[in-house]
Amino acid sequence: MTRAAVVALLLLTSTACSTLSTLHGAEPLAKGKHEFAVGVSLQTASNSFSYVGVPIPQLEFAGRWGLGQDVDFGFRAWLLGAGFDTRYRFWHDERHHLAVAPAIGGFYIPSVGGSVEFHAPVLGQVDLARWAKLSGGPRVVLRDQINPVSMPGGEKGSIARIDVFAGGGARLELAMGRRAWIGFSTDFYAQPARHAIPGWSLGLDFAFRKPDKAPAPNP
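Just so you know, the sequence shown maps onto residues 2 to 220 in the working numbering.
In structure tokens form, the structure reads like this:
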């Protein structure tokens, strides 16, 4: 196989072990509150097999902490990767919320390579009831993939590629008591730079949040 053919094959098959699912809406946790979530999803465009349209299951664990008024911090880990984000709510009223939640993540395996991703979502949310929340919005994902290369003749090097995903998603959260929530999410992304098949994700997650404290009795 020629050097050009090796490089072309690697460019076609070198993809990130990543996630495109949405695990939260636009309403941040209050200061001092925290949340733990576990999610499962079917995704395409997150690894070599799914780039050709075969959906691959993904398992994720996530945590969030309220930092202050309108701001919280999140961490999530998935198969072979991890990331974090900061959510800032810049407008809200009694039932509506608007926020941005920039995120960075990636993975690295020696001798295999890795990737770094940047997510830039804009989120809107409507509180349908105390027990139901609907959210969604547009998102752009930039993925920088780097892989080592062993060329014919024993030469070694690396190749890099930037993938662009443009799309968005929607999410429905339903309360299951004071502490537990169940979420249903769907995400869809085009890859305009590569003219590849669209990427998508269908997800289900369970979140456990610290409930509000009952008011202290009057002395």
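Glycine included, every Cβ here is placed at the ideal spot set by N, Cα and C.
Can you name, in chain order, every residue of its own chain whose Cβ lies under 6 Å from the Cβ of residue i, other than the five neighbours on each side?
| i | result |
| --- | --- |
| Asp86 | Gly75, Ala102 and Ala104 |
| Glu243 | Any answer about residue 243 is impossible in this case: the structure gives the chain only from 2 up to 220. |
| Trp201 | Thr45 and Phe189 |
| Phe108 | Cys18, Leu81, Gly82 and Gly115 |
| Lys157 | Ser151 |
Assuming residue i and residue j form a contact by the criterion Cβ under 8 Å, report the distance between their Cβ atoms to the nearest whole angstrom.
| i | j | result |
| --- | --- | --- |
| Gly155 | Tyr190 | Actually they are not in contact, since the Cβ atoms of Gly155 and Tyr190 sit about 39 Å apart, beyond 8 Å. |
| Thr23 | Arg172 | 5 Å |
| Ser112 | Ser19 | Contact doesn't hold; Cβ gap of about 19 Å is too wide. |
| Asp206 | Ala38 | 5 Å |
| Gly40 | Ser136 | Not confirmed; about 15 Å, so no contact. |
| Gly184 | Ala208 | 7 Å |
| Glu118 | Val141 | Not really, about 11 Å apart at Cβ, beyond 8 Å. |
Tell me which residues share the same chain as residue i and place their Cβ nearer than 8 Å to its Cβ, disregarding the 5 neighbours each side in the sequence.
| i | result |
| --- | --- |
| Arg114 | Note that residue 114 is Gly in the sequence shown, not Arg. Hits under 8 Å: Ser15, Gln146, Ile147, Asn148, Pro149 and Ser159. |
| Pro193 | Val165 and Ala167 |
| His35 | Gly64, Arg65, Trp66, Gly67, Arg210 and Lys211 |
Rounding to the nearest angstrom, what Cα-Cα distance links residue i and residue j in this structure?
| i | j | result |
| --- | --- | --- |
| Arg210 | Pro199 | 34 Å |
| Met177 | Trp132 | 8 Å |
| Thr187 | Ile57 | 15 Å |
| Leu203 | Arg179 | 26 Å |
| Gly138 | Ala121 | 11 Å |
| Phe62 | Pro153 | 41 Å |
| Phe50 | Leu21 | Because the pLDDT at Phe50 is just 48, under 50, the model does not fix this residue reliably, and the point stays unresolved. |
| Ser151 | Ile110 | 16 Å |
| Trp182 | Leu175 | 6 Å |
| Tyr89 | Arg65 | 13 Å |
| Arg144 | Val123 | 18 Å |
| Lys134 | Gly106 | 26 Å |
| Leu43 | Gly84 | 19 Å |
Taking 7 Å as the limit between beta carbons, can you name the residues of its chain near residue i, skipping five residues before and five after?
| i | result |
| --- | --- |
| Trp79 | Thr20, Gln59, Leu60 and Glu61 |
| Leu68 | Lys32 and Phe74 |
| Trp92 | Leu99 |
Cβ pair count under 8 Å reaching 3, the segment 93 to 101 against the segment 123 to 137: yes
Beta strand (DSSP E) runs wholly inside the segment 46 to 119, at least 3 long, in chain order: 57 to 69, 72 to 79, 82 to 93, 97 to 101 and 104 to 110
Could I get the ranges of all uninterrupted beta strand (DSSP E) runs contained in the segment 128 to 208, with 3 residues as the minimum, in chain order? 133 to 151, 157 to 176 and 181 to 191
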